[in-house]
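Down below is the structure, laid out as structure tokens.
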Amino acid sequence: MQVSEFCLGTMTWGQQNSAEEGYAQMDWASANGINFFDTAELYPSRPTVDTQGRTEEIIGEWFTRTGKRADIILASKVTGPEDGFNWIRGGVSRFTESSIRKAIEGSLRRLQTDYIDLYQLHWPDRGWTHFRKLGQTRPNSDEGADRAETLATLDALVKEGKIRAWGVSNESPWGVMDWIARSEATGQARVASIQNPYNLLNRVFDTGNAEVSMNEDVALLAYSPLAAGHLSGKYLDGNRPAGSRLALWPERSGYSSDYGNEVAAKYVALARAHGLDPSIMAHAFVYMQPFVTASIPGGTTIEQLQVALDATTVTLSDELLKEIHRLHRQHTYPCP
Ligand SMILES: NC(=O)c1ccc[n+]([C@@H]2O[C@H](COP(=O)([O-])OP(=O)(O)OC[C@H]3O[C@@H](n4cnc5c(N)ncnc54)[C@H](OP(=O)(O)O)[C@@H]3O)[C@@H](O)[C@H]2O)c1
0 MQVSEFCLGT MTWGQQNSAE EGYAQMDWAS ANGINFFDTA ELYPSRPTVD TQGRTEEIIG
60 EWFTRTGKRA DIILASKVTG PEDGFNWIRG GVSRFTESSI RKAIEGSLRR LQTDYIDLYQ
120 LHWPDRGWTH FRKLGQTRPN SDEGADRAET LATLDALVKE GKIRAWGVSN ESPWGVMDWI
180 ARSEATGQAR VASIQNPYNL LNRVFDTGNA EVSMNEDVAL LAYSPLAAGH LSGKYLDGNR
240 PAGSRLALWP ERSGYSSDYG NEVAAKYVAL ARAHGLDPSI MAHAFVYMQP FVTASIPGGT
300 TIEQLQVALD ATTVTLSDEL LKEIHRLHRQ HTYPCP
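FYI, the numbering for the sequence shown is 0 to 335, going by numbering that gives the first Met the number 0.
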């Protein structure tokens, strides 16, 4: 059996989680029919100059130990430019040919493999609204690489067998449509997937990207289905359980605003009123969306991953979905 809608998130390994815990999560995943792993050149997150690349190394070590590389669909990402990460590739992280080639050679070496199944642009290299850069009403002047060069490089990597397919992440509807138009005009490899946030506190994807995903066959890999843990309810009333992400990195989450907490509390109460663990409701809601190809849960513990797996078999009732819809109409974008 394969659990095709579950992609194992790895971003905590090598920092919040030890290498041994990472190996154990991959053992658990492969024993439970989960054969899709998502990682990135940048991980573990939160990113630091000392730990960058460690997550890919842990996955590579596991491949070599277990001989399971061919069993896994492996997704990784090339880092784009972002303030604070200027140490990536010596500060040259635009998606030029030389920059992408440098990135993939590093990833392949750390991952101890000669190919990556899905290679994603971690975020656009033009400045726009990803990562809560709210309030911009016009695109920045295009400060990224020449997009024709980026696409030609990705196409060449497919032809060389270094990647099987490529995708985007934190991308807008225009961005996806522009990549598609370029591929249609040139015959070069078409964008296969988009990895964007999607959860009950952030449903921005509904209003634009979802239509592109479904009509243009660009698979959504939905990240942060629990809004980085907030939808479990454990952070309500200012709680910061020892060892949790927010206890370790209080500044870390964009889901911790007063309004985000207020709305999270409403979803948590709704789940409980329907006799459900709030995490199950949050995960199941993501799996149930017709435009979601796979959800990417992250777990610090295997028990948390088991909850995400259990939710793949849960169908939320029509009555509960109506209540979720009512809440969503009242609080449409608490954490965009
Ligand atoms: N493309 C991108 O820019 C991007 C951005 C973010 C994530 N991602 C991908 O998506 C993956 C998942 O992201 P995420 O970690 O934010 O996902 P998430 O599933 O929303 O949050 C996972 C975290 O919530 C807590 N948690 C999970 N299950 C729980 C439960 N049942 N009860 C209480 N707490 C629970 C755990 O943290 P604690 O135990 O520490 O509390 C866990 O690490 C990442 O690994 C990465 O692969 C991609």
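Idealized CB from N, CA, C, for every residue including glycine.
If we count the other Cβ atoms within 10 Å of its Cβ and call it buried at 16 or more, is Ala39 buried or exposed? buried
Alpha-carbon spacing of Leu110 relative to Ser75, whole angstroms: Their Cα atoms are separated by approximately 10 Å.
Please classify Trp165: does DSSP put it in a helix, a strand, or coil? strand
Given a threshold of 16 other Cβ atoms within 10 Å of its Cβ, counted over all protein chains shown, does His324 qualify as buried or as exposed? exposed
Note down, in chain order, each residue of its chain lying with its Cβ closer than 6 Å to the Cβ of Gln187, except the 5 sequence neighbours on either side. Leu150, Asp154
Among Cys6, Lys132, Ser92, Arg108, which one has its Cα closest to the Cα of Gly253? Out of Cys6, Lys132, Ser92, Arg108, the CA that lies nearest to the CA of Gly253 is found in Lys132.
Ligand 1 heavy atom lying under 6 Å from the CB of Arg244: yes
Contact belief for Glu148 with Glu96 at Cβ below 8 Å, rounded distance in angstroms: 6 Å
Top-ranked residue by Cα proximity to Asn85, from Gln51, Met10, Tyr118: Gln51
Rounded separation between Tyr332 and Pro196 - CA only: 13 Å
When the Cα of Ile337 is compared with those of Phe36, Glu159, Thr63, which residue comes out closest? A query on residue 337 cannot be resolved here, the shown segment of the chain reaching from 0 to 335 and no further.
Limits of the unbroken beta strand (DSSP E) element including Tyr258: Taken as a continuous stretch (DSSP letters only), Tyr258 belongs to no beta strand (DSSP E), being part of the alpha helix (DSSP H) at 257-272.
Can you tell me which of the three DSSP states Pro277 falls into? helix
State yes or no: is the C-beta of Val262 nearer than 6 Å to some heavy atom of ligand 1? no
Do Val285 and Pro335 have their C-beta atoms within less than 7 Å of each other? no
What is the rounded straight-line gap between the Cα of Gly79 and the Cα of Pro123? 7 Å
Any heavy atom of ligand 1 closer than 6 Å to the beta-carbon of Ile57? no
Under the three-state reduction of DSSP, which class applies to Thr206: helix, strand or coil? helix
Quick check: the region 59-75 against the region 29-39, are there 3 or more CB pairs under 8 Å? Result yes; three or more Cβ-Cβ pairs closer than 8 Å.
Taking its Cβ as the centre, do 16 or more other Cβ atoms sit within 10 Å of Asn198, making it buried, or is it exposed? When all chains shown are included, Asn198 counts as buried.
Would you report the Cα separation of Asp276 and Ala270, rounded to the nearest angstrom? Linking Asp276 to Ala270 through their CA atoms gives a straight-line distance of about 6 Å.
Bridge partner(s) assigned by DSSP for Gly8: Asp37
Of all the options Val77, Asp216, Ser255, which has the alpha carbon lying nearest to the alpha carbon of Asn201? Ser255
Put Ser329 into one of helix, strand or coil per three-state DSSP. The question names Ser, but residue 329 in the sequence shown is Gln. Residue state, collapsed to three classes: helix.
Burial state of Val306 (16 or more Cβ within 10 Å): buried
Between Phe35 and Ala293, how many whole angstroms is the CB-CB distance? I'm expecting something under 8 Å. Their Cβ separation, rounded to whole angstroms, is 6 Å, which keeps Phe35 and Ala293 in contact under 8 Å.
Contacts around Ile115, its chain only, beta-carbon distance under 8 Å, and the 5 residues preceding and following it disregarded: Excluding residues within five positions, the ones whose Cβ falls inside 8 Å are Leu73, Ala74, Ser75, Ile103, Ser106, Leu107, Lys161, Ile162, Arg163.
Rounded separation between Ala246 and Met10 - CA only: 17 Å
Three-state secondary structure (DSSP) of Ala293: DSSP places Ala293 in the strand class (E or B) of the three-state scheme.
Less than 7 Å separating the beta-carbons of Ile295 and Asp37? yes
On the DSSP letters alone, give me the boundaries of the alpha helix (DSSP H) that Gln111 sits inside. Gln111 -> no alpha helix (DSSP H), and no H or E assigned at all.
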